[in-house]
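**Q** Below: one structure in structure tokens.
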Amino acid sequence: RHHMSVLYVRTSKRPYECHLCPQSFKQKSVLHGHVRGHTGKRPYPCSLCPETFWKKHYLKKHESQHEYQRQS
1 RHHMSVLYVR TSKRPYECHL CPQSFKQKSV LHGHVRGHTG KRPYPCSLCP
51 ETFWKKHYLK KHESQHEYQR QS
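Structure below.
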């Protein structure tokens, strides 16, 4: 089973290549997020504090912590 998953990853098309490392991706949006990890760009600011995030998901998780603190 493990062999099949490794084989699938190696044979699947990943046309979007990172210019900073050897990784490649199936989706352009995933590549963009990956490159932000290399560059340190953090385009998602919290509206309630000075924190910024490189993934929208991390911002949403952070904002939910603000909501939890307000309810306490």
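So the sequence shown is numbered by UniProt numbering: it starts at 1 and just counts up by one. Even glycine gets a Cβ: it sits at the ideal position worked out from N, Cα and C.
1. For Leu59, collect the residues of the same chain with a Cβ closer than 7 Å to its Cβ; drop the 5 residues on either side in sequence, then sort them by chain order.
2. Gly37 to Arg70, Cα distance in whole Å?
3. To the nearest angstrom, how far is the alpha carbon of Glu51 from that of Ser64?
4. Would His34 and Gln23 be called neighbours here (beta carbons separated by less than 8 Å)?
5. To the nearest angstrom, how far is the alpha carbon of Lys61 from that of Lys13?
**A** Short version:
1. As a first step, residue 59 must be located in the sequence shown, where it is residue number 59. Around Leu59, the same chain offers Tyr44, Cys46, Phe53 as residues with beta carbons nearer than 7 Å, after the five sequence neighbours per side are excluded.
2. Here residue 37 refers to the residue found at position 37 when the sequence shown is read from its first residue. Here residue 70 refers to the residue found at position 70 when the sequence shown is read from its first residue. Distance between the alpha carbons of Gly37 and Arg70 is about 31 Å.
3. If you number the sequence shown from 1, residue 51 lands on position 51. If you number the sequence shown from 1, residue 64 lands on position 64. Each residue's Cα considered, the two are about 13 Å apart.
4. Along the sequence shown, read from residue 1 onward, the residue named residue 34 stands at position 34. Along the sequence shown, read from residue 1 onward, the residue named residue 23 stands at position 23. In contact: His34 and Gln23 (Cβ atoms closer than 8 Å).
5. On the sequence shown, residue 61 is found 61 positions in, with the first residue counted as 1. On the sequence shown, residue 13 is found 13 positions in, with the first residue counted as 1. Going from the Cα of Lys61 to the Cα of Lys13 covers about 31 Å.
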